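Counting the sequence shown from 1 gives a position; my numbering is that position plus 1313. Heads up, the beta-carbon is just placed ideally off N, CA and C, and yes, glycines get one too. Remember, it's a predicted structure, so these values are computed and weren't measured experimentally. Structure first, then comments.
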Amino acid sequence: MEIIIPDKEAFMENVRKMYVKNDEIWGKGVYEKIQNASAEVYEAE
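Following this line, the structure appears as structure tokens:
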């Protein structure tokens, strides 16, 4: 068995690019809204 440690920073950067690429479909600022919602949930815990 091989254990793979993910590169979270690289993954998040590529995800961000996907949202920017699809701004016209999903609406501008969706990535930022998701990030802000995640931060609010984290702070609430």
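- Query: Just the Cα atoms here: how many angstroms apart are VAL1343 and ILE1316?
  - Reply: If you number the sequence shown from 1, residue 1343 lands on position 30. If you number the sequence shown from 1, residue 1316 lands on position 3. So the alpha carbons of these two residues sit roughly 33 Å apart.
- Item | ASN1327 to TRP1339 span [Cα, whole Å] | As a position in the sequence shown, residue 1327 is number 14, starting the count at 1. As a position in the sequence shown, residue 1339 is number 26, starting the count at 1. Near 17 Å, if we compare the C-alpha coordinates of TRP1339 and ASN1327.
- Item | Alpha-carbon spacing of GLU1337 relative to MET1314, whole angstroms | For the purposes of this step, residue 1337 is taken as residue 24 along the sequence shown, with counting starting at 1. For the purposes of this step, residue 1314 is taken as residue 1 along the sequence shown, with counting starting at 1. Their backbone Cα atoms lie some 42 Å apart in a straight line.
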